[in-house]
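Student:
Number of protein chains: 2
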Amino acid sequence: MENKRVPVELDAEAALGLLEGAEFGRIAFIADGIPTIRPLNHVLLDSRIVLFTRHTSALGRAVRRQADLQVTYQADRIEPRTRLGWSVLVTGTAADISREPHAAQIGLQVESWMKHPLDMVIAIEPHKVTGLRLAAGSGGSR
Amino acid sequence: MENKRVPVELDAEAALGLLEGAEFGRIAFIADGIPTIRPLNHVLLDSRIVLFTRHTSALGRAVRRQADLQVTYQADRIEPRTRLGWSVLVTGTAADISREPHAAQIGLQVESWMKHPLDMVIAIEPHKVTGLRLAAGSGGSR
Chain U
1 MENKRVPVEL
11 DAEAALGLLE
21 GAEFGRIAFI
31 ADGIPTIRPL
41 NHVLLDSRIV
51 LFTRHTSALG
61 RAVRRQADLQ
71 VTYQADRIEP
81 RTRLGWSVLV
91 TGTAADISRE
101 PHAAQIGLQV
111 ESWMKHPLDM
121 VIAIEPHKVT
131 GLRLAAGSGG
141 SR
Chain Y
143 MENKRVPVEL
153 DAEAALGLLE
163 GAEFGRIAFI
173 ADGIPTIRPL
183 NHVLLDSRIV
193 LFTRHTSALG
203 RAVRRQADLQ
213 VTYQADRIEP
223 RTRLGWSVLV
233 TGTAADISRE
243 PHAAQIGLQV
253 ESWMKHPLDM
263 VIAIEPHKVT
273 GLRLAAGSGG
283 SR
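Chains as they are written, first to last, in the numbering used here: chain U, 1 to 142; chain Y, 143 to 284.
1. Report all residues from its chain with a CB closer than 7 angstroms to the CB of D261/Y; omit the five preceding and five following residues, and keep chain order.
2. With DSSP run on the structure shown, which of helix, strand or coil describes L132/U?
3. How big is the Cα-Cα spacing for A94/U and S47/U?
4. Closest by CA to H92/U, which one among K128/U, T82/U and A104/U?
5. Between the C-alpha atoms of L250/Y and F194/Y, what's the straight-line distance to the nearest angstrom?
6. Pair every Cβ in the stretch 76-88 of chain U with every Cβ in the stretch 37-45 of chain U, then say whether three or more of these pairs are closer than 8 angstroms.
7. In angstroms with no decimal places, state the Cα-to-Cα distance between L186/Y and L161/Y.
8. Do you know whose CA, among A173/Y, G159/Y, L152/Y and H184/Y, lies nearest G167/Y's CA?
9. Assign G202/Y to one of two classes, buried (16 or more other C-beta atoms within 10 Å of its C-beta) or exposed (fewer than that).
10. What would DSSP say about Q247/Y, mapped onto helix, strand or coil?
11. Confirm, please, whether the CB-CB distance from V63/U to A75/U is below 9 angstroms.
12. For chain U, find out if any of its Cβ atoms is closer than 9 angstroms to the Cβ of V213/Y; answer yes or no.
13. Which word fits V192/Y, buried or exposed, when buried means at least 16 other C-beta atoms lie within 10 angstroms of its C-beta?
14. How far does the alpha helix (DSSP H) with L160/Y in it reach, from first residue to last?
15. Please give me, in chain order, every unbroken run of the alpha helix (DSSP H) with length at least 4 that falls completely inside the stretch 166-216 of chain Y.
16. For a test of the three-state rule: what should DSSP assign to G285/Y, helix, strand or coil?
17. On a CA-only basis, which of E155/Y, G175/Y and L226/Y is nearest Q208/Y? Give me that one, please.
18. Whole angstroms are fine: how far does the CA of R99/U sit from the CA of G227/Y?
19. Does DSSP classify R83/U as helix, strand or coil?
20. Give a yes or no on whether 9 angstroms exceeds the smallest Cβ distance from G175/Y to chain U.
21. Tell me whether A246/Y is buried or exposed, calling it buried when 16 or more other Cβ atoms sit within 10 Å of its Cβ.
22. Establish whether the CB of A28/U and some CB of chain Y are separated by less than 9 angstroms.
23. Let me confirm a value: G8/U is counted as buried when at least 16 other C-beta atoms fall within 10 Å, else exposed. Which label applies?
24. Check the Cβ-Cβ distances between T53/U and every residue of chain Y, and say whether any is below 9 angstroms.
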C-alpha cells in the first residue's frame with residue numbers, strides 16, 4: 001500500500017505531551033568527541049525530562065565531566081505497518097540532580113531498562129522542543 | 143507484571159542482521175557543536191548503512207561540511223508491553239556517496255519518511271557495532 005505521509009508540525013506543548021506518554025526515548029550527547037546515543041526510560045517532571053542511570057555509564061560520566069552538558073532527547077512512536085505516528089526532539093542541557101531533595105524518589109519513578117542498580121538522577125532542561133506528526137495523506141493534495 | 147529483563151550482548155553480525163530487518167533508525171551527529179538526532183529509514187548494502195536525505199537537511203549539511211563525519215546510528219525494537227526486544231548501536235563515519243555509480247538507484251531503495259524529494263545518498267561505514275537483546279529473565283538467577 002502506497003501511503004504518503006504528511007508531516008504536521010507540533011507545538012512544544014503537544015510535543016511534550018507525547019513525550020510524557022512515551023515509554024522511552026534516546027539521548028544524544030558527545031563523549032570523547034564522538035556523538036553517542038543511548039536508549040533510556042524517562043519521566044517528565046515540572047517540564048524537565050528526568051532520567052535514571054549509573055554514574056559509571058557513558059552518559060553518567062559525560063554529565064559528571066561537564067556541567068550543563070548539551071544533549072538532544074528524541075522519542076518517536078511509528079506504527080511499523082502504516083509508518084504513521086510522531087517524532088519529538090528536545091534540545092537542552094543535562095545536569096546531575098542526584099543531590100536535589102527527593103532526587104532518589106524521583107529516580108525511582110523512572111522505570112529501568114536493566115537490572116543494574118541505578119544511582120544517578122539526571123534532568124534535562126529543555127531549550128527547544130519540536131515535533132512532527134506523520135499523518136495519513138489524502139492523496140497528495142496537501 | 144514485574145518482568146526483569148536480562149541484557150544479552152549480541153555479536154556484530156547478529157546486530158547488523160537485526161538492523162537490516164529494522165524499519166528505521168536514528169542517526170546522531172554533531173551540528174554546530176550540538177549533538178543532534180534525526181530519525182531516518184535505511185538499507186544495509188555491503189555492510190554499509192545507506193541513508194537517503196536532502197542536501198539541505200541538517201544531516202546533509204553536516205556531511206557536506208565535514209568529510210568522514212563521526213556519527214552513531216541506533217535502532218531498537220522494544221515491545222511496549224513486555225519491554226523485551228533489542229537495541230543496536232553502530233559508530234562510524236558518514237560520507238556523501240551521491241556521485242558513486244548507481245547511487246541514485248541505491249537511494250531509491252531507502253524508503254522515505256517524507257514526501258519531500260530527496261537528493262543526497264549517505265553511507266555510514268561502521269567502525270564498531272554493538273547490540274543488546276533484552277530477554278525475559280528467569281526469576282533473577284542470571
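Note that CB positions come from ideal geometry on N, CA and C, so glycine has one too.
Tutor: According to the structure shown:
1. R196 and H197
2. strand
3. 13 angstroms
4. The amino acid at residue 92/U is misidentified as His; the sequence shows Gly. Comparing Cα-Cα distances from G92/U to each of K128/U, T82/U and A104/U, the minimum goes to K128/U.
5. 8 angstroms
6. no
7. 8 angstroms
8. H184/Y
9. buried
10. helix
11. no
12. yes
13. buried
14. A154 to G163
15. 200-207
16. Any answer about residue 285/Y is impossible in this case: the structure gives chain Y only from 143 up to 284.
17. G175/Y
18. 33 angstroms
19. coil
20. yes
21. exposed
22. yes
23. In the sequence under discussion, the amino acid at residue 8/U is Val, which differs from the Gly named in the question. Exposed: under 16 other Cβ atoms inside 10 Å.
24. no
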